[in-house]
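Protein chains in written order, with the working numbering: chain A, 1 to 311; chain B, 312 to 634.
The structure appears below as structure tokens.
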Amino acid sequence: MSTATIAAETEPIEVVAGTRSQSAFARFTRAILRNRKASAGTVILLILVLLAIFPGVIARDDPEAAIYGQNLGPSAQHLLGTTQLGQDVFSQLIWGTRLTLIVTVVVSALATVISMVIGVSAAYIGGLTDRSLSLLTDIFLIIPTLPLLIVLASYLPPGSVTMIVVLTLTSWAFQARQLRSQGLSLRARDFLSAAKVRGERTSYIIFVEIIPTMTSLIVASFLGLSVFVVGFAAGLQFLGLGNSTELTWGTMLYYAQQGGALEAGNAWWALAPGAAVAFMGAGFALVNYAFDEIGNPALRPVRKRRARTTA
Amino acid sequence: MKYVSRRVGLFLITLWAALTVNFIIPRVMPGNEATAVLATFRDVNPAALHALQIEFGVNVHQNILLTYVQYIGNCLTGQFGLTAQRVPVLTEIISKLPWTLGLVGVTTIIAFAIGTLVGVLGAWRRGGKLDGLLPPMLFIVASFPVFFVGLLLLYVFAVTLNWLPLSSNYSIGLEPSLSLSFIGDVLVHAVLPGLSLVVVTAGLWIYSMRNNMITTLAEDYVKMGRAKGLRSWRIMVDYAARNAILPNLTGFAMQLGYVLGGSILVEYTFSYPGLGYLFYTSTTDHDLPLMQALFLVYTLAVLVCVLLADLATAGLDPRTRDA
């Protein structure tokens, strides 16, 4: 174990991020292929993206049409049975992928951008700006997310736009803090002083000089946020705070809970969308976990023999 | 002492921010939900009605700053008005509080203990059986939404096996008392909601504890300990784990917001009548005074725990005392 842990003392994150070259994408792909967790996560996410784009290929039934028998068990016609209203659960699940994935990706992307701007600006500008932005971050970090989400969602008209706005507003803080500390470690670097001496604007330095060097941390932020957003979006919809006419896994769960799916012996109706949310969350988490390992060699699984020979 | 005063400062500022957010939300949101809700309150006593009008800014023809000051005063003295059922909000909250406090308190302690233990042992024996199996598994489970774990447990243990009750906090018809049978009944009802919370949160602790521990084990003072020929148990506990646990202590309080959020969903899944279930019913009943007071209660709970964790850190970590 000592060979691997000593490597921890070298700067962790820049191993991947720091060097700029044309083949960044190629290296990234190779890193994913070499890590089993990352490969599994990537496959999960690819499947979900394909389902979101082409749901009709697999699920031919109209997900909204209440034309079948009610509360049917799984069968060849209805792989996961039907709802209390007689809709096909499998079809709902497949068609629900799209909006669920869109909300997750949009929220995670927006929140990552916010955390990036706030975190890096705080770190680079420093002084009063840093103190006020850090205070703002700390406040958002402490105020419990779900209660705040519930209050905000109760006042706004239900729907995906509301979902995106409230989730973005409440989820950026943790990543902003991480990006700030990474930004602080970059602050004294020569290339930043050089840019400053050249007379570049602060915004130029932040967006063109600093942020590109943090790519791997930013991708990790996005992945970490996605894990969290999938669950929270579904949780809010499960509580009935989404738009119940929109087809997502969260609203499916809501109807299943309201319809007493488990008690009625129609378990798949409730468990399938729940499992789907878990599946998507696990996909993002696996890639994220592997990303930690790729970025921070100290956390990689120890393979004793190989570690000895390469060291 | 500078550290402590700075943390107390953050406590006060965040409390103020939460109160202010709570004041602003009903005023800036589109639509006039608050007016509609308060219109149903015509027949209640004037003092309570006035408190509600101040909170929501309905029919208050006075300076907004003065209203704000009155609102803060009302919140600090616990005057949150009445619920839709005309019960004082504070009374309603206090009656449900013990259920949530018991559920979240006990499960958080269990999850933290399991997480710390597995994290420490896993990092100590890197690549061992425990380390290869539990951390990755629980990390994936931690990415599962808590309500899915809840539904799954509900399906397996309550619906299929019929071992444990489906919902609620104690059996219908039972009179709350301190008798053994009643306490047993309460515990039996708390197993599934509690287990859902433990399963989902333990992974987070394992993950962060393991990572802290790995970083700490690479420190020179650990090598020093080995060089001195100390027993490995001592190095693991006194040298490494003691330092690795510090960041987790702060994380503990921060994660509490997440755990409380999870408990709302769990209480809803199991119809467990604590604050979380009350929160849910307040949204379906459009009981805005109750909902907003609950938001403040949840925020205050997290704030108090963050402050306690900070004080504990100050006590355990000498570096914070002179920083």
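Think of the CB as a built atom: it goes at the ideal place given N, C-alpha and C, for glycine as much as any other residue.
Q) Of all the residues that make up the segment 118–145 of chain A, which are near chain D by a beta-carbon distance shorter than 7 Å? A) The question asks about chain D, but that chain is absent: this structure's protein chains are A and B.
Q: With DSSP collapsed to three states, give me the class of B:Val315.
A: helix
Q: Pull out every residue of the segment 408–420 of chain B whose Cβ sits closer than 8 Å to any Cβ of chain A, in chain order.
A: none
Q. What span of residues does the alpha helix (DSSP H) with A:Ile125 cover, start to end?
A. 89–125
Q.
Less than 7 Å between CB atoms is the rule here; does B:Ala620 satisfy it with respect to chain A?
A. no
Q | chain B contact residues for A:Phe90, given Cβ-Cβ distances below 8 Å | A | Under the 8 Å cutoff, chain B gives no residues; its nearest Cβ is about 18 Å from A:Phe90.
(Q) Runs of 4 residues minimum, wholly inside the segment 457–524 of chain B: which ones carry the alpha helix (DSSP H) assignment? (A) 457–464
Q: Would you kindly report the start and end of the unbroken alpha helix (DSSP H) that includes A:Val49?
A: 36–53
Q: Run through the segment 565–628 of chain B for me and flag every whole alpha helix (DSSP H) of 4 or more residues, listed as ranges in chain order.
A: 586–595, 599–627
Q. So with Cβ pairs under 7 Å, would you call B:Ala634 a contact of chain A?
A. Note that B:Ala634 scores a pLDDT of 49, beneath 50, so its modelled location is shaky; the value from the coordinates is reported in the next line. B:Ala634 does not count as touching chain A.
Q) Is the segment 589–609 of chain B touching the segment 162–171 of chain A in the sense that three or more CB pairs, one from each, lie closer than 8 Å? A) no
Q: For A:Phe238, return the contacting residues in chain B, with the cut-off set at a CB-CB distance below 9 Å.
A: Pro456, Phe458, Leu576, Tyr579, Thr580
Q | Straight-line Cα distance separating A:Arg198 from A:Asp130 | A | 24 Å
Q.
Let me check understanding here. Comparing Cα to Cα, which of A:Val120, A:Phe238, A:Ser244 lies closest to B:Gly573?
A. A:Phe238
Q: Measure the alpha-carbon distance for B:Val470 versus A:Trp268 and round it to whole angstroms.
A: 13 Å
Q.
Considering only their Cβ atoms, is the gap separating B:Asn480 from B:Trp410 smaller than 7 Å?
A. yes
Q) Is the CB-CB distance between B:Asp531 and B:Arg318 below 7 Å? A) no
Q.
Between B:Leu571 and chain A, is any beta-carbon pair separated by less than 7 Å?
A. yes
Q: Spatial neighbours of B:Ile336 within its chain, please: CB distance less than 7 Å, with the 5 preceding and 5 following residues excluded, ordered by chain position.
A: none
**Q.** Cutoff 7 Å: A:Ala272 Cβ touching any chain B Cβ
**A.** no
Q. A:Pro144 by DSSP, collapsed to three states: which one?
A. coil
Q: Consider the Cβ of A:Ala220: report whether some Cβ of chain B lies at a distance smaller than 7 Å.
A: no
Q: Give the interface partners of B:Gln565 over in chain A, defined as CB-CB distance under 8 Å, in chain order.
A: Note on residue identity: the sequence assigns Met, not Gln, to residue 565 of chain B. Result: Leu141, Ile142.
**Q.** Extent of the continuous alpha helix (DSSP H) to which A:Ser193 belongs
**A.** 190–197
(Q) By alpha-carbon positions, which one of B:Met565, B:Met524, B:Gln566, B:Ser543 ends up nearest to B:Ala555? (A) B:Met524
Q) Mind pulling the chain A residues with CB within less than 8 Å of B:Met602? A) Ile150, Val151, Ser154
(Q) I need the boundaries of the alpha helix (DSSP H) containing B:Gly536, first residue and last residue. (A) 531–538
Q) Is the segment 88–107 of chain A touching the segment 274–281 of chain A in the sense that three or more CB pairs, one from each, lie closer than 8 Å? A) yes
Q | Neighbour flag for B:Phe606 against chain A, beta carbons, 7 Å | A | yes
Q: Please decide whether A:Pro147 counts as near chain B, where near means a Cβ-Cβ distance under 7 Å.
A: yes
Q. Under 9 Å Cβ-Cβ, which residues of chain B neighbour A:Glu64?
A. The contacting residues do not exist; A:Glu64 stays about 23 Å from chain B at best.
Q: From the DSSP output, read off the bridge partner residues of A:Thr82.
A: A:Asp88
Q: Run the CB neighbour count on A:Arg180, radius 10 Å, all protein chains shown included, and call it buried at 16 or more, exposed below.
A: buried
Q: Compute the Euclidean distance between the alpha carbons of B:Ala612 and B:Asp442, then round it to the nearest angstrom.
A: 34 Å
Q | Test: B:Leu321 CB closer than 7 Å to a CB of chain A | A | yes
(Q) Could you compute how far the alpha carbon of A:Asn266 sits from the alpha carbon of A:Gly73? (A) 7 Å
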